[in-house]
Amino acid sequence: MIINRKQMAKDKLQLLKQGYSAYAETKELCDYIEKELPSLNIPVRIERTSIGCWFIPETDSVCKD
């Protein structure tokens, strides 16, 4: 099975648009997602680890009970 990395990145960008966090396990995916982030127009925090990157959308709303 061939894995299309660009499609994987687009799927992760779609998660971010929906308000979910996304994890990219390779430098190639991290770089592509990071390059595309400005087009989303949403603030995203990037947490880099030795094994990949977490992309976490930042929200202004706080959960209230």
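Here the sequence shown is numbered in our numbering, starting from 2 and rising by one per residue. Backbone N, C-alpha and C define an ideal beta-carbon position, used for all residues, glycine too.
- [ ] Use the C-beta contact count for Tyr21: other C-beta atoms within 10 angstroms, 16 or more gives buried, fewer gives exposed.
- [x] Of the other Cβ atoms in all chains shown, fewer than 16 fall within 10 Å of the Cβ of Tyr21; this residue is therefore exposed.
TODO: Could you tell me the boundaries of the alpha helix (DSSP H) in which Tyr33 lies?
DONE: Looking at the DSSP string, the run of the alpha helix (DSSP H) that includes Tyr33 is 28-37.
TODO: Can you give me the start and stop residues for the beta strand (DSSP E) that Thr50 sits inside?
DONE: Here the beta strand (DSSP E) through Thr50 covers 45-50.
TODO: Assign Lys11 to one of two classes, buried (16 or more other C-beta atoms within 10 Å of its C-beta) or exposed (fewer than that).
DONE: Counting of Cβ neighbours within 10 angstroms places Lys11 among the exposed residues, the total staying below 16.
Task: Val45 versus Lys7 - alpha carbon distance - done: Taking the straight line from one Cα to the other gives about 19 Å.
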